[in-house]
Amino acid sequence: MNTPLIEFKDVTKNFGDRTVLERINLEIYEGEVTTIIGLSGAGKSVLLKLIIGLLKPDEGTILFRGKPVSKMKKKEINAALAQMSYMFQGNALFDSLTVYENIALPLLETTNLKKSEIDRRVMARIEQTELADAVKKFPSELSGGMQKRAALARALITDPKIVLFDEPTTGQDPVRKNAILSMIAQYHRKFGFTAILVSHEIPDVYFISNRVLALYERTIVFQGTPEELEDFDHPFKDEVIHSLEVLQKELTGLYSKRQFKVLNHAQLRRRTFGETYSIVVFTLEDISSIITHLGHDAVQEAIRRMGLYIDKHFGAIGGFSTRRNSNEIVTVLPYSDITEAEIILKDFAKDFQGLEINDIRTGVRRRVAMAGPVEFTILAGIAQGQPIAEIDSVIASAKSHQKEIWMATMCRRGVSI
Amino acid sequence: MAPEANSRNLSQGEAKRRLGILLSRPFSAIGKEVISWISILGSATVFLFLALFKVFRSKQLSKIVQQLYYIGARSTTIIMLVSVFTGMVLSLQSYYALVKFGAQGAVGTLVSLSLIRELGPVLTAIMITARAGSAITAEIGIQRISEQIDALHTMRIDPLRHLISPRVTAAIISFPILTTIFDLIGIIGGYISGVMLLGLNSGVYFHSIQANVELKDITDGLIKATVFAVIVATVCCYQGYFAHMRRDSHGAKAVGLATTSAVVISCVLILVSDYIVTSLLI
Numbered sequence: 158m159n160t161p162l163i164e165f166k167d168v169t170k171n172f173g174d175r176t177v178l179e180r181i182n183l184e185i186y187e188g189e190v191t192t193i194i195g196l197s198g199a200g201k202s203v204l205l206k207l208i209i210g211l212l213k214p215d216e217g218t219i220l221f222r223g224k225p226v227s228k229m230k231k232k233e234i235n236a237a238l239a240q241m242s243y244m245f246q247g248n249a250l251f252d253s254l255t256v257y258e259n260i261a262l263p264l265l266e267t268t269n270l271k272k273s274e275i276d277r278r279v280m281a282r283i284e285q286t287e288l289a290d291a292v293k294k295f296p297s298e299l300s301g302g303m304q305k306r307a308a309l310a311r312a313l314i315t316d317p318k319i320v321l322f323d324e325p326t327t328g329q330d331p332v333r334k335n336a337i338l339s340m341i342a343q344y345h346r347k348f349g350f351t352a353i354l355v356s357h358e359i360p361d362v363y364f365i366s367n368r369v370l371a372l373y374e375r376t377i378v379f380q381g382t383p384e385e386l387e388d389f390d391h392p393f394k395d396e397v398i399h400s401l402e403v404l405q406k407e408l409t410g411l412y413s414k415r416q417f418k419v420l421n422h423a424q425l426r427r428r429t430f431g432e433t434y435s436i437v438v439f440t441l442e443d444i445s446s447i448i449t450h451l452g453h454d455a456v457q458e459a460i461r462r463m464g465l466y467i468d469k470h471f472g473a474i475g476g477f478s479t480r481r482n483s484n485e486i487v488t489v490l491p492y493s494d495i496t497e498a499e500i501i502l503k504d505f506a507k508d509f510q511g512l513e514i515n516d517i518r519t520g521v522r523r524r525v526a527m528a529g530p531v532e533f534t535i536l537a538g539i540a541q542g543q544p545i546a547e548i549d550s551v552i553a554s555a556k557s558h559q560k561e562i563w564m565a566t567m568c569r570r571g572v573s574i
Numbered sequence: 029m030a031p032e033a034n035s036r037n038l039s040q041g042e043a044k045r046r047l048g049i050l051l052s053r054p055f056s057a058i059g060k061e062v063i064s065w066i067s068i069l070g071s072a073t074v075f076l077f078l079a080l081f082k083v084f085r086s087k088q089l090s091k092i093v094q095q096l097y098y099i100g101a102r103s104t105t106i107i108m109l110v111s112v113f114t115g116m117v118l119s120l121q122s123y124y125a126l127v128k129f130g131a132q133g134a135v136g137t138l139v140s141l142s143l144i145r146e147l148g149p150v151l152t153a154i155m156i157t158a159r160a161g162s163a164i165t166a167e168i169g170i171q172r173i174s175e176q177i178d179a180l181h182t183m184r185i186d187p188l189r190h191l192i193s194p195r196v197t198a199a200i201i202s203f204p205i206l207t208t209i210f211d212l213i214g215i216i217g218g219y220i221s222g223v224m225l226l227g228l229n230s231g232v233y234f235h236s237i238q239a240n241v242e243l244k245d246i247t248d249g250l251i252k253a254t255v256f257a258v259i260v261a262t263v264c265c266y267q268g269y270f271a272h273m274r275r276d277s278h279g280a281k282a283v284g285l286a287t288t289s290a291v292v293i294s295c296v297l298i299l300v301s302d303y304i305v306t307s308l309l310i
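Going down the list, the sequences are from chains A and B.
The numbering of the first sequence is the numbering used here, which starts it at 158 and goes up by one.
The numbering of the second sequence is the numbering used here, which starts it at 29 and goes up by one.
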């Protein structure tokens, strides 16, 4: 395997008599999104501060590209730090500077760029983070969400190669939380930086993470892919992941992938040969176009609304759903055949048409000046399976039968359905 | 009997040991405090020299001008107000003291020398400490506890260069200028009280000033102002910068206590250093 970008070897950090991190061993690889999960006060922020050099370890070694930081020259350390950027949990915006000045500060102070070039870069970030209305405002005049986005814009202004996000979604509503995670994923793809993320947003954070590190009782108890975490057997899962998943279900009506797998296994195991079940796959089409025109919030709002309405219609007859990827929701109807599923789907589409787009429109109108009409299209496909069949093949079959069940065009002045 | 004797000896030994601890406790506390103060003095000195060294880095001029406005220009009104009444009361008191000896012609000399040598630098420094010094500590302290200083580190912006250096430089420039303004306005205050209200001859008032005030008096006053500037700027910036390391409190309370400490320590050090500088210059 490649040399890790950052590696901890038996790192211990104490504050007075209290040991916060004990013999931590971890690897973070270049170009990946690595998420650190753990309970509040577990030392996740301390871990990030050790990486960026704000704190020094009491014991152990931190290696950067295979070289111990303690043996690096000051010039080398500065060169390494120059590649990093940090988004603080509390934002750490300069309260005496405007949003524009906050974002421009790193460029003004650490580069010799011309004012026009700084202005161009700052305005581009401001547009991307939907802060155009807040350019001249001070941080205290912004909502928590806007402050978060201003901090995100500042963290990305120098085009860093490594970005550390300390709970970037704290204090955000469910739509904004997913919008920020989606933005991080999009920027990660676009700019190719290495992201190290501290987050509680389970399971949403799994969609954007290549690797997950689990911090539990002062040490790293797991490092691997989100899929590997599904099979990880440790008290950490009961105490941390399960509790967060329950909260997620309450907020969105959707189960985590792991919960979905367990439910599916339990439900279908009870069925006898010959009995059937149905699967419905919902897809929000062309999300990149929606993001471009309306921002991440609109996509997340639409997905969230879909989740709640799917739960309302299909949950009543024993159905359970999960978000399979950024624009797809899968629903299992363990007791319904394809005919019954089609009837419920029709009811769902009718109900959704009447209400949801207005909410999405209201949310979007508040924040974005639309350049032109934007189409929202939801596809749905149904397939019938038997308990012995692999669920993935039934999902694939449902996807292949997808057809448009709802389409709305959002125009500058209104909506046509 | 032997165990009893042993136990008596033991208890006597224990009592002596406890008495020893009790007697040594105040000395131990004083020693600990002295060591702590020496350590703070050392780190504050390093802090000052690093800040001064970083004045000469690029992009500092605009920040220094900004701080000159906050520390200097915005303190002018309060300095003028204090100085005019200081001059007036000096003139009033000295007139009634000197008139008993028929020496009221020396009012101008007394007012001007008192202001230029002592009251100008000291009162200016104390007024700036109260107005700008406390604000510096509070501002830097809040930046510290809200992780804004950590954010500067992560952006590779040196906080000493960005925050401290311009403030120390602006203080060193502002203090002598404001002291000069204090002296001039104070002399005018003395004129208002002595000449306009008490009827002294204006020619006598100004002649006595011209005849008795020497260039050394003025330079000594300005040297004191510069020393006070270094003390006030260092103490106020240091207290704010390390507000998060206070042992007696955390968060907003730490910033409040740091601000109080900055003002109190600055005022005490102004008076102590005033005596030391005066004894060296006289």
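Just so it is clear, CB atoms sit at the ideal spot from N, CA and C, and this is done for glycine as well.
* What is the rounded straight-line gap between the Cα of residue 184(A) and the Cα of residue 321(A)? -> Here residue 184(A) corresponds to residue number 27 of the first sequence, with the count starting at 1. Here residue 321(A) corresponds to residue number 164 of the first sequence, with the count starting at 1. Straight-line Cα distance between these residues: approximately 15 angstroms.
* Since residue 379(A) is in the beta strand (DSSP E), which residue starts that stretch and which ends it? -> In the first sequence, counting from the first residue as 1, residue 379(A) sits at position 222. Residues 376–381.
* **Three-way DSSP call (helix, strand, coil) for residue 241(B) in this model** => If you number the second sequence from 1, residue 241(B) lands on position 213. DSSP places residue 241(B) in coil when its eight states are reduced to three.
* To do: Taking only the alpha-carbon atoms, compute the straight-line gap between residue 269(A) and residue 221(A) and give it to the nearest angstrom.
  => Locating residue 269(A) in the first sequence gives position 112, where the first residue counts as 1. Locating residue 221(A) in the first sequence gives position 64, where the first residue counts as 1. So the two alpha carbons sit approximately 27 angstroms from each other.
* Asked: Whose Cβ in chain A lies nearer than 8 angstroms to the Cβ of residue 87(B)?
  -> What you label residue 87(B) is simply residue 59 of the second sequence in a count that begins at 1. Those within 8 angstroms of residue 87(B) in chain A are 265, 266.
* Given that a residue counts as buried once 16 or more other Cβ atoms are within 10 Å of its Cβ, and exposed if not, what is residue 248(A)? -> Along the first sequence, one-based indexing puts residue 248(A) at 91. Per the 10 Å Cβ criterion, buried.
* **7 angstroms Cβ cut-off: residues of chain B touching residue 209(A)** => Sequence index remark: in the first sequence, residue 209(A) carries index 52 (1-based). Under the 7 angstroms cutoff, chain B gives 182.
* **residue 466(A) versus residue 556(A) - alpha carbon distance** => The residue given as residue 466(A) occupies position 309 in the first sequence. The residue given as residue 556(A) occupies position 399 in the first sequence. Cα to Cα, residue 466(A) sits roughly 20 angstroms from residue 556(A).
* **C-alpha distance - residue 374(A) paired with residue 391(A), whole-angstrom precision** => In the first sequence, residue 374(A) corresponds to position 217, counting from 1. In the first sequence, residue 391(A) corresponds to position 234, counting from 1. Spanning the two alpha carbons is a distance of roughly 12 angstroms.
* Who are the neighbours of residue 185(B) on chain A, taking C-beta pairs under 8 angstroms? -> Translated into positions along the second sequence, residue 185(B) becomes position 157. The contacting residues are 262, 263, 266, 267.
* Of the listed residues 210(B), 285(B), 233(B), nearest to residue 154(B) (C-alpha basis) -> As a first step, residue 154(B) must be located in the second sequence, where it is residue number 126. Considering only alpha carbons, the answer is 210(B).
* Asked: Can you tell me the Cα-Cα spacing of residue 213(A) and residue 86(B), whole angstroms?
  -> Within the first sequence, the letter at position 56 stands for residue 213(A). Within the second sequence, the letter at position 58 stands for residue 86(B). Looking at the two C-alpha atoms, the distance is approximately 29 angstroms.
* Take every Cβ of the segment 88–101 of chain B, pair it with every Cβ of the segment 119–130 of chain B, and state whether three or more of those distances are shorter than 8 angstroms. => no
* Candidates 308(B), 281(B), 40(B): closest to residue 165(B) by CA position -> Within the second sequence, residue 165(B) is the residue found at index 137, counting from 1. Answer by Cα proximity: 281(B).
* Asked: Got a sec: is the Cβ-Cβ distance from residue 251(A) to anything in chain B below 8 angstroms?
  -> Counting from 1 along the first sequence, the entry for residue 251(A) is found at position 94. Yes, its Cβ sits closer than 8 angstroms to a Cβ of chain B.
* Asked: Opposite residue 541(A) in the DSSP bridges: which residues?
  -> Sequence index remark: in the first sequence, residue 541(A) carries index 384 (1-based). Answer is 435(A).
* For residue 490(A), the first and last residue of its enclosing beta strand (DSSP E) -> In the first sequence, counting from the first residue as 1, residue 490(A) sits at position 333. Counting along the chain, the beta strand (DSSP E) containing residue 490(A) begins and ends at 485–490.
* Members of the segment 221–245 of chain A that neighbour chain B once the beta carbon cut-off is set at 8 angstroms -> 235, 238, 239, 241, 242, 243, 245
* If residue 152(B) sits next to residue 212(B), beta carbons under 8 angstroms apart, how far is it from one beta carbon to the other, in whole angstroms? -> Position 124 of the second sequence, counted from the start, is the residue given in the question as residue 152(B). Position 184 of the second sequence, counted from the start, is the residue given in the question as residue 212(B). That pair is no contact at about 12 angstroms.
* Pick from 341(A), 316(A), 319(A), 313(A) that is closest to residue 326(A), judged by C-alpha positions -> Counted from its first residue, the first sequence places residue 326(A) at position 169. It is 341(A).
* How many Å lie between residue 522(A) and residue 190(A) at the Cα? -> By 1-based counting over the first sequence, the position of residue 522(A) is 365. By 1-based counting over the first sequence, the position of residue 190(A) is 33. Confidence is the limiting factor: at residue 522(A) the pLDDT is only 44, short of 50, which leaves the residue's position unreliable, though a coordinate-based value still follows. Approximately 32 angstroms, taken between the alpha carbons.
* Return the residue from the list 208(A), 219(A), 372(A) that minimises the CA-CA distance to residue 238(A). => Taking the first residue of the first sequence as position 1, residue 238(A) is located at position 81. The residue with the shortest Cα to Cα distance from residue 238(A) is 208(A).
* To do: Name the residue from 263(A), 262(A), 301(A), 309(A) whose alpha carbon lies nearest to the alpha carbon of residue 284(A).
  => As a working mapping, residue 284(A) is identified with position 127 in the first sequence. Measuring from the Cα of residue 284(A), the nearest candidate turns out to be 309(A).
* residue 235(A) lies in the alpha helix (DSSP H); which residues open and close that run? -> As a first step, residue 235(A) must be located in the first sequence, where it is residue number 78. Per DSSP, residue 235(A) belongs to the alpha helix (DSSP H) from 231–239.
* Of the residues 258(B), 289(B), 179(B), which one's Cα is nearest the Cα of residue 251(A)? -> For the purposes of this step, residue 251(A) is taken as the residue at position 94 of the first sequence. The shortest Cα separation from residue 251(A) among 258(B), 289(B), 179(B) belongs to 179(B).
* First and last residue of the uninterrupted beta strand (DSSP E) at residue 566(A) -> Against the first sequence, residue 566(A) aligns to sequence position 409. Counting along the chain, the beta strand (DSSP E) containing residue 566(A) begins and ends at 560–567.
* Asked: So what's residue 310(B) in DSSP terms, helix, strand or just coil?
  -> The residue given as residue 310(B) occupies position 282 in the second sequence. DSSP places residue 310(B) in coil when its eight states are reduced to three.
* Asked: When you compare only the Cα positions, how much space is there between residue 480(A) and residue 288(B)?
  -> Along the first sequence, read from residue 1 onward, the residue named residue 480(A) stands at position 323. Along the second sequence, read from residue 1 onward, the residue named residue 288(B) stands at position 260. Straight-line Cα distance between these residues: approximately 55 angstroms.
* **Option in 156(B), 175(B), 308(B), 101(B) with minimal Cα separation from residue 271(B)** => Numbered from its first residue, the second sequence carries residue 271(B) at position 243. Residue 271(B) has its Cα closest to that of 175(B), out of 156(B), 175(B), 308(B), 101(B).
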